[in-house]
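A.B. asks: In this text, residue positions in the sequence shown follow my numbering: the first is 86, and each later residue adds one.
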Amino acid sequence: MAKVVLKNLTKRFGEVVAVNKLSLKVKDKEFVVLLGPSGSGKTTALRCIAGLETPDEGEIYIGDRLVNDLEPKDRNIAMVFQSYALYPHMTVFENLAFPLECAGFPKEEIRERVRRVAELLKIGDLLERKPRQLSGGQQQRVALGRAIIREPKVFLMDEPLSNLDAKLRVYMRAELKKLQKELGVTTIYVTHDQIEAMTMADRVAILNEGILQQFDSPDRVYAKPFNIFVAGFIGSPPTNFFDCTLTQDGVLDAGEFKYSLPKKLADIITKNATSNKIVLGIRPQHIKVYRRKKAKNLIKAHHYTTEPLGEMVILDLKVGDNLVKVIVDPDFKVAEELWMEFPIEKIYLFDKKTGKSLL
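(1) Do you know how far the Cα of GLU396 is from the Cα of LYS92?
(2) Is the CB of VAL202 under 7 Å away from at least one CB in chain C?
(3) Tell me the DSSP secondary structure of ILE273 in three-state form.
(4) From VAL374 to THR330, what distance separates their C-alpha atoms?
(5) How about THR271 and LYS110: are their beta carbons less than 7 Å apart?
(6) Looking at the structure shown, is GLY143 part of a helix, part of a strand, or coil, going by DSSP?
(7) Which residue comes first and which comes last in the alpha helix (DSSP H) that contains MET283?
(8) Less than 7 Å between the C-beta atoms of LEU212 and VAL239, yes or no?
(9) Which same chain residues end up closer than 6 Å to VAL409 when comparing Cβ atoms and leaving out the 5 residues on each side of it in sequence?
(10) I'd like the list of long-range same chain contacts for LEU229, defined as Cβ closer than 8 Å, with 5 residues on each side in sequence excluded.
(11) Pull up the distance between the alpha-carbon of ASP432 and that of ILE367, whole angstroms please.
(12) Suppose contacts are defined by Cβ-Cβ distances below 7 Å. Is ASN248 in contact with GLY269 by that definition?
(13) Where does the unbroken alpha helix (DSSP H) through VAL177 begin, and where does it stop?
(14) In the structure shown, what three-state DSSP assignment does ILE134 receive?
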């Protein structure tokens, strides 16, 4: 297998910088997800690694080999596309065998490899079928099999689960993660779905407008976001944000409410921030809600609407012009007027100018 290293990878399309000085080190046998919204540059980065796009700047290494000038077929990678890209006129067996036939493998070895891969993916009873006779999940397995059968150094996957229904997608996430660990193949996986990223990845590289925002474990990107974008992108419902001014006595003044910081924390924020303009963030599940004011530092809010989701309920509360989302238990008794508590250990604080975390 092999590590994958990107050094200052840059790709432009006219005036648009799709990937901007991207540097990553993917370890041998690691499962890394490139995550970001549409237009973030994740698929372009993957296509550069595959050799389907030529970078304008930077270097790409697979193993210890610089591959910028190598054709895709010479990079020892296998790519699984969103569309599966199966040959409709070929049977499953022929689709699986095709890459090996092109590489000149003996017929006996081809049959043996097809048998092993079909057994691994539990598609042995489908070998005589054509793609049109397969379900979406079965087609996805065949596309994976065609990638596996070549025994590449690196798997590149571009949203391979996006065409599946929700139930099958959940099942295939677990299957794909288990398969990757069994095979021990370095895998780079592109998705815009944060649940896929958080449940499957060893590490997640979060991109926005072609720029790497954070490259870390799923736990870290959730609990310790580097900036406002990561904090807002990871988590559902998204993080609540409030523009504040930090006063000299360590109080965050959001206009509609004031939030007192411990002196030690206020001193750290004052030292690290570029100005007194601070963004306070807190996730909906971390906000505590009460029907009456029980303590200091609570924030008055008005009930706006309720979104029941079975095992939990999302309350939409109004604080001035701010709409705040809060997660509560289904048996919570909603009142017109409520009080919110932001536990100090759960808040995020960001520099308004740079967007970077101050904690």
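For glycine and all other residues, C-beta sits at the position ideal for the given N, C-alpha and C.
As the structure is a computational prediction, the values presented were derived from the model and not from experiment.
C.D. replies: Straight from the coordinates:
(1) If you take the alpha carbons of LYS92 and GLU396, they lie about 45 Å apart.
(2) Going by chain labels, chain C is absent from the structure shown, which holds only one protein chain.
(3) Strand.
(4) Distance between the alpha carbons of VAL374 and THR330: 24 Å.
(5) No; because the gap between Cβ atoms is not below 7 Å, this pair is not in contact.
(6) In this structure, GLY143 counts as strand in the three-state DSSP scheme.
(7) The continuous alpha helix (DSSP H) containing MET283 extends over residues 279 to 285.
(8) For LEU212 and VAL239, no; Cβs fall outside 7 Å.
(9) Within the same chain, VAL409 has close Cβ partners ASN325, LEU402.
(10) Closer than 8 Å at the Cβ level, and outside the excluded window around LEU229, lie VAL165, LEU206, PRO245, LEU261, LEU264.
(11) Residue identity check: residue 432 is Ile in the sequence provided, not Asp. Looking at the two C-alpha atoms, the distance is approximately 5 Å.
(12) No, Cβ-Cβ distance for ASN248 and GLY269 is not below 7 Å.
(13) Membership of VAL177 in the alpha helix (DSSP H) is indicated by the continuous run 177 to 187.
(14) Three-state result, ILE134: helix.
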